[in-house]
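Read top to bottom, the protein sequences are chains A and B.
Letter by letter, the first sequence follows residues 1 to 456 in the working numbering.
Letter by letter, the second sequence follows residues 457 to 912 in the working numbering.
Protein chains: 2
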Amino acid sequence: MLTEAQRQDLQQRFGERLSLSASVREAHGRDESFYPPAPPDAVLMAETEAEVLAAVAWCHRERVPLIPFGAGTSLEGHVLAVHGGLCLDLTRMDAILRIDAADLTVTVQPGVTREQLNAQLRDQGLFFPIDPGANATLGGMAGTRASGTNAVRYGTMRENVLMLRAVLPPGQVLRCGSRARKSSAGYDLARLLVGSEGTLGVITELTLKLHPLPEQVAAASVQFPSIAAAVQACITVIQSGIPIARCELIDANAVRAVNAADHLGLPESPMLLLEFHGSPLGVREQVERVQALAAEQGGTRFDWAATPEARSRLWQARHRAYWSAIQTRPGCRCLTTDVCVPISRLAECVDQTLAEAEAEGLPYFVVGHVGDGNFHVGFLIVDAAEREQAQALSDRMVQRALRLDGSCSGEHGIGLHKQAYLLQEAGEPALAAMRAIKAALDPHGVMNPGKVFAAS
Amino acid sequence: MLTEAQRQDLQQRFGERLSLSASVREAHGRDESFYPPAPPDAVLMAETEAEVLAAVAWCHRERVPLIPFGAGTSLEGHVLAVHGGLCLDLTRMDAILRIDAADLTVTVQPGVTREQLNAQLRDQGLFFPIDPGANATLGGMAGTRASGTNAVRYGTMRENVLMLRAVLPPGQVLRCGSRARKSSAGYDLARLLVGSEGTLGVITELTLKLHPLPEQVAAASVQFPSIAAAVQACITVIQSGIPIARCELIDANAVRAVNAADHLGLPESPMLLLEFHGSPLGVREQVERVQALAAEQGGTRFDWAATPEARSRLWQARHRAYWSAIQTRPGCRCLTTDVCVPISRLAECVDQTLAEAEAEGLPYFVVGHVGDGNFHVGFLIVDAAEREQAQALSDRMVQRALRLDGSCSGEHGIGLHKQAYLLQEAGEPALAAMRAIKAALDPHGVMNPGKVFAAS
């Protein structure tokens, strides 16, 4: 809780950009996770790096928690003010500062969203591939090391951040990385900040890799007799080194949901949604090989999305799976899971997970970036008992992923939810190293406390 | 200097695996840099992680420097024992522990060399692409965030380490990352250790990404009327998004040197050496597009290396450029430079650098991973005066790269040589953060002290 003196001090410093109203605080105390809201004591709408610097320095001096906030689309409770404090809303820092088309780089402020960026890039024949579904801010995506549907070809935020600026306690601006494509200059601080979930500093500028818009894009849906067959087809595609741009699984439940929501009339069976990028010849060749591999697993009915509009519809169906599924059960919330395993273990991991889900009888759907070995089961729950059931299933799913050499979090991060799993996955020495780094860079523990690991 | 008691204690613990002989110490006090040797006080041939753990714990307790040692091919003085101490030779830890062909991953001990690994993988239709030229150990390559000729397509050690184990002070084994292709589980400690040059811990195990051997490989040399034209051709290839596997520049001086050494009879003009990976159709298409782009810049005489043997000869010429150049001037040493700039600034950076080199009249040659914006000028020097000249040229080259938004080190690391440049590139706050991390993880400062930054 802020003291009265602290509140007045903040108001004096930041004027009308600071909000203490219940509605604004409430709106900044929630995300897309299943946690009850935890509003901050105050919200600052930052407009410049200098203001971020002032806020970080103030919080460090006053020992007040500071929580960076973007689009609020986290699924793991990242932005909840569990220890109160000041929420730093960065959405007004939304300038695209510099597009270097010749170098395939762009420099943005952290509040720029991926859709905003791609709208701006389109005319230049470029795009930024990382697509977690939600129209998240790039600062938030860097903070959680986000990835999504295109990662199988283009990598995650880890591979696509060249350079960043961040404000760290006690109040200094760090510059990490360079616009050069590679560098061996010192510790990789940019990679340390990417995925640190706001617990070390506030990102104020990002320089990202861009890619030329592919000459040819083709997308298709393919149906399979079972999820296992769809997953197996994906595995063979990856193992044969085909540079597929997207390879997404959606199960029959998810297809039913998007059909109901958007009248898409898709056949209600497990599907892979595929996208191919390349030259016309290259795409044709990839398509032929993938068709053959899919057919071997019983894949049928390649439905081609030939036009950009048809392609948009296809991916909209994928992206709307989450929302559409929630609409199928009035009053429900979705408990979303996120594990990633080596590709050879994917079929086993999905199979066993779904057998357990079926046995429990809880409504669920599956979507997955299966080309990376990453998948999500969403459980649609309406009360505390079901939540407990879903949690138990989620827990067994994580345990299974860890047994299969995988990770407890493919792309959603640790946040509040997965701290015990992180300890299990990484082990005590790695956790101790993370805590030591945290203590060295944020000695008063004010940066998004309680996330990744509990305050020590 | 070790005390007599410490020497005896080490001998008791490690028996004949510890060497105090002058010749062994001498051999472990040098690398490929131009620094005079700085031998350690003792050398331990480690054979197990348990021994590494014992050595790190001992050095931490006794406040004795510990220097990890692999193939000794560093170009920046990384393995020199500038503060004395114990050299930990890891070359006997050279087991390939596990090849997971279905997942395209391999787990190795740090002393495995890249040639050893690729020899082992070939039968399985797989390869590990990172190729810095020297037959370095994979532990050393991870430590310096190495890259080389294939990085333009396959990335650097940063992108290709999935998981590692490392021993850190006071004496604990850290596990970072997982075999899953991606993960958002906590701070990216693997990326922090990759490129930390042994100053945080000793890598004892690496899990690396593998790639299927391409169905088709084609390689060619192309001649250009000038270096500027060759660089410009490379820039247009990269900007057009062609997934070229190698795009290497060698200048006429380097060609002359390899011709003299190996009687290759290559035309003595600036050249790009190119390699294409893909399907037969895909390779043909890439080749056609690159030929057209090269021709626009005056590129002539595509000499195709059609057979694997011809290809080996071509790349051997590239890899032997350094040694061949040294042979052209009896008694010389080579002062090698290494900068990386955004691709659009590459022509300018190379042009101005070579104009200065010509003006100085010092013998030099140029090789470059120009597809990444990375190039090296090697100065062949015989005495202190020339070394000073070369240092001044190297300094101006780094200053130029930094002015052009680039990095002072593309792939060789910081070591002893580039500490002032690192400060200039990253700035005081980033350096302070690196030092804080170092102090948090290595509180007694025993891990490879004096590298990356001076002991604080």
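Where a beta carbon is used, it is the ideal one built from N, C-alpha and C, also for glycine.
Between A/R158 and A/G195, the gap from beta carbon to beta carbon is short of 8 angstroms. In its chain, beyond the 5 residues on either side, A321, A325, F365, V366, V367 have a beta carbon closer than 7 angstroms to the beta carbon of A/A254. Using a Cβ distance threshold of 8 angstroms, B/K638 and A/C349 do not count as a contacting pair. Residue pairing by DSSP places B/I552 opposite B/V564 in a beta bridge. For B/V833, the enclosing beta strand (DSSP E) covers residues 830 to 837. A direct Cα-to-Cα measurement between B/L573 and A/T113 gives close to 42 angstroms.
Judged by DSSP secondary structure, B/G596 falls within the alpha helix (DSSP H) whose first and last residues are 594 to 599. At a cut-off of 8 angstroms between beta-carbon atoms, B/D497 makes no contact with chain A.
Residues of chain B whose Cβ lies closer than 8 angstroms to the Cβ of A/C176 are, in chain order, A882, A886.
Residue-level contact check: A/A260 does not touch chain B, since none of the beta carbons of chain B fall below 8 angstroms from its beta carbon. Pairing B/M853 with B/T809, the inter-Cα distance amounts to about 6 angstroms.
One thing to note: A/A42 has its Cβ no nearer than 8 angstroms to the Cβ of A/L104. At least 8 angstroms separates the CB of A/N448 from every CB of chain B.
A distance below 8 angstroms separates the beta carbons of B/M903 and B/G654. Interface with chain B (8 angstroms Cβ-Cβ cutoff): A/L53 is excluded. Note that the region 547 to 562 of chain B touches the region 664 to 674 of chain B; at least 3 beta-carbon pairs, one per stretch, sit closer than 8 angstroms. Residue-level contact by beta carbon holds for A/Q172 and chain B, with a gap shorter than 8 angstroms. Residue range 522 to 525 is occupied by the beta strand (DSSP E) that includes B/I523, with no alpha helix (DSSP H) assigned at that position. Neighbours of A/M434 across chain B, judged by C-beta separation under 9 angstroms: G642, Y643, L645.
Scanning chain B for C-beta atoms nearer than 7 angstroms to the C-beta of A/C408 yields A641, reported in chain order. Listed along chain A is no residue with a C-beta nearer than 9 angstroms to that of B/A803; the closest approach is about 11 angstroms.
The Cβ of A/H417 sits no closer than 8 angstroms to any Cβ of chain B.
Residues of the same chain with a CB within less than 6 angstroms of the CB of B/Q742, apart from the 5 flanking positions on each side, are I698, F732 in chain order. When 8 angstroms is used as the limit between beta carbons, A/D405 is near these residues of chain B: S634, R635, A636, in chain order.
Under the three-state reduction of DSSP, A/E275 is assigned to strand. B/L553 is classed as exposed because its beta carbon has fewer than 16 other beta carbons within 10 Å across all chains shown. If you look at A/A220, you'll find it in the beta strand (DSSP E) that goes 216 to 223. Apart from the 5 residues on each side of it in sequence, A/L200 sits with its Cβ closer than 8 angstroms to the Cβ of A166, L168, L192, L193, I437, K438, L441, D442, M447 in its chain, given in chain order.
A/E51 counts as buried, since at least 16 other C-beta atoms from the protein chains shown sit within 10 angstroms of its C-beta. Secondary structure note for B/K665: it is in no alpha helix (DSSP H), and the uninterrupted beta strand (DSSP E) holding it is 658 to 665. Not one beta carbon of chain A lies nearer than 8 angstroms to the beta carbon of B/D545. Chain B has a Cβ within less than 8 angstroms of the Cβ of A/C340. Of all residues in the region 289 to 312 of chain A, none comes within less than 7 angstroms of chain B when Cβ atoms are compared. Residue contact check for A/P110 against chain B: no CB pair falls below 8 angstroms. In terms of beta-carbon proximity, B/I523 stays away from the interface with chain A, with every pair separated by 8 angstroms or more. In this chain, the alpha helix (DSSP H) harbouring B/L770 covers 764 to 775.
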